[in-house]
Every structure is written in C-alpha cells, then in structure tokens.
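Structure first, commentary second.
Encoded structure:
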C-alpha cells in the first residue's frame, strides 16, 4: 500500500500578480490623497504654517515697541478677531492673518503707509500666501489698507472679515487696555497728559488727525469715545459697551482729581 504525500511549497506570486497588487495600492493612495478629508487636512496645514510664520514676523518687528503697538497688542487683536469671526461666521484664517500683520503696515510703525503696505505685500508673496487659500493676499491687503481710524475719514469696510478685524483692533483701543495704551503712546510721543486750555479737535481729515499734537486726554474725545458706536458687528458692540463705560468712569475720575474735587 502506497501513501501519497504532498510537500509543502511556498507560494510565489507571479510578476503579473505583484504588479496588480502594487497598482491597487497606488490607486488607493491616490484616492486617499484626492479625498475631501485629505484636501481639508492639507489646507489646514498650509494655513497653520502661514500663521506661524506671520506670528514670528510680527513678533520680531514689534517686540521692542513702546507705543502700545507691541506684539502683546497683536496677540490680543488676533484672539478677539478669532472669537468675533466664529460668532459672526467669518473666515477665521483670513481674520487671524490680517490681525497678525496689520500693524506692520501702520504709518506709526512703518514711517509711512505706502512703505508699510509694500512690506506686508512682499512678505505675503515671499511666503506664497495664496497657496493657503485663493486670493489670500488680496483679501488680507484690502483689510489692512482700509482698517485704520485715520480721523474717522475712512470708508466702511467692504467684507465681513474686514469688519471683524477692524472691530478687534478698535476693541483693544478702548476699556482698561485702551486707557493704558493711550498713555503709553502719549508718553512715547512726549505729549501732555492733559491741557485744559486745549480743546479736543472735531471733524478732522486724515492729515489733520495725524499731524496734530493733542494731549493724551483729548485723544479720548477725538477718537476713543467714538469707537463704541462705530463697531461693525453685533458681538463687538456687546463687548464695546462695557469697555466704553469703563473709559467714561476713568475720565470722570481723572478730571475730578485734576480739579481737586476728589
């Protein structure tokens, strides 16, 4: 009687099988890379890298500022802009990027507005900002070029993101922080705390606003007390009401102490 035995042999795939399996794997990887989830991940990574670079740029440029436009101001404006953007349904990335870069273009920092705007535009181009989102450069530049107070002579912001960032910047100009920043700026510029003989100016052009040498206290009446009613968004208006009340209380106390009433 003979017993049949089968030797165990390892299966060796043919070249055709190997090629087919590799093709399936490559197709699967391609489908993953083309998926909406992967696209969103790539977009988020691009945005995060650009924001990190903008943060480093702003920190390096403004770290030594003593006029109230330092990097701490930038951080506060960015936080406020992100909060307001979420409340109002705006593009959080565009708002954050504009908030980080807005004072690089400020004439008080750059020397003149055109030079400052050119620096921001060149930085965005060098960092391929539009790769993080279509028309990122144009959207950010429009916000930065039109958001400053400039004596109240600027036209209204045309985009929701512009309105959000403008509100965030204006909120940081009022309240307790606004009081501190006003006197920091006045001290840096050698301005008097208060001059009872100098009346606050009204209805100024941009040139008149920038050229004036008003006392710091007059700055409250020429700009800061006007900001509550110039907020663009509902959420910012809610925040502004309390900050405005604080400034009013501060001014009442200041003037009472100045005159010796208290």
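Residue numbers (the numbering used here): 29 to 290. From the three backbone atoms N, C-alpha and C, an ideal C-beta is built for every residue, glycine too. Note that the structure is a prediction, hence the values are computed from the model and not measured.
Helix, strand or coil at residue i [DSSP, three-state]
i: residue 280; result: helix
i: residue 164; result: helix
i: residue 285; result: helix
i: residue 191; result: helix
i: residue 131; result: helix
i: residue 186; result: coil
i: residue 54; result: Low per-residue confidence applies at residue 54: pLDDT is 47, beneath 50, and the placement is therefore not dependable, though the value from the model is reported in the following sentence. In this structure, residue 54 counts as helix in the three-state DSSP scheme.
i: residue 261; result: coil
i: residue 222; result: coil
i: residue 79; result: helix
i: residue 229; result: coil
i: residue 74; result: helix
i: residue 125; result: helix
i: residue 150; result: helix
i: residue 215; result: helix
i: residue 290; result: coil
i: residue 37; result: Since pLDDT at residue 37 reaches only 46, below the 50 mark, its modelled position is unreliable, and the value read off the structure follows with that caveat. If DSSP states are grouped into helix, strand and coil, residue 37 belongs with coil.
i: residue 91; result: coil
i: residue 255; result: coil
i: residue 109; result: helix
i: residue 99; result: helix
Which listed residue (the options) has its alpha carbon closest to that of residue i
i: residue 195; options: 70, 106, 226, 229; result: 106
i: residue 247; options: 104, 191, 275; result: 275
i: residue 191; options: 203, 207, 173; result: 173
i: residue 98; options: 230, 188, 74, 216; result: 216
i: residue 186; options: 100, 169, 205; result: 169
i: residue 235; options: 220, 182, 68, 277; result: 182
i: residue 128; options: 100, 112, 139, 140; result: 100
i: residue 256; options: 245, 230, 270; result: 270
i: residue 244; options: 230, 65, 207, 155; result: 207
i: residue 78; options: 252, 123, 104, 114; result: 123
i: residue 159; options: 93, 71, 267; result: 71
i: residue 278; options: 265, 228, 202, 230; result: 202
i: residue 152; options: 65, 81, 286; result: 81
i: residue 218; options: 242, 205, 140, 226; result: 242
i: residue 204; options: 109, 157, 268, 92; result: 268
i: residue 171; options: 114, 231, 109, 284; result: 109
Short CB-CB distance (under 8 angstroms) between residue i and chain B
i: residue 257; result: Considering every chain present, this structure includes no chain B. It has just one protein chain.
C-beta contact flag for residue i and residue j at 8 angstroms
i: residue 121; j: residue 84; result: no
i: residue 75; j: residue 126; result: no
i: residue 165; j: residue 149; result: yes
i: residue 197; j: residue 175; result: yes
i: residue 265; j: residue 250; result: no
i: residue 272; j: residue 193; result: no
i: residue 86; j: residue 111; result: no
Subject >> Cβ contact (3+ pairs, closer than 8 angstroms) linking the stretch 205-212 and the stretch 117-134 >> reply: no
Original post:
Within the chosen definition, does the stretch 251-268 reach the stretch 111-120 through at least 3 CB pairs nearer than 8 angstroms?
Top reply: yes
**OP:** Report yes or no: do the stretch 144-153 and the stretch 222-230 share at least 3 C-beta pairs separated by less than 8 angstroms?
**Re:** no
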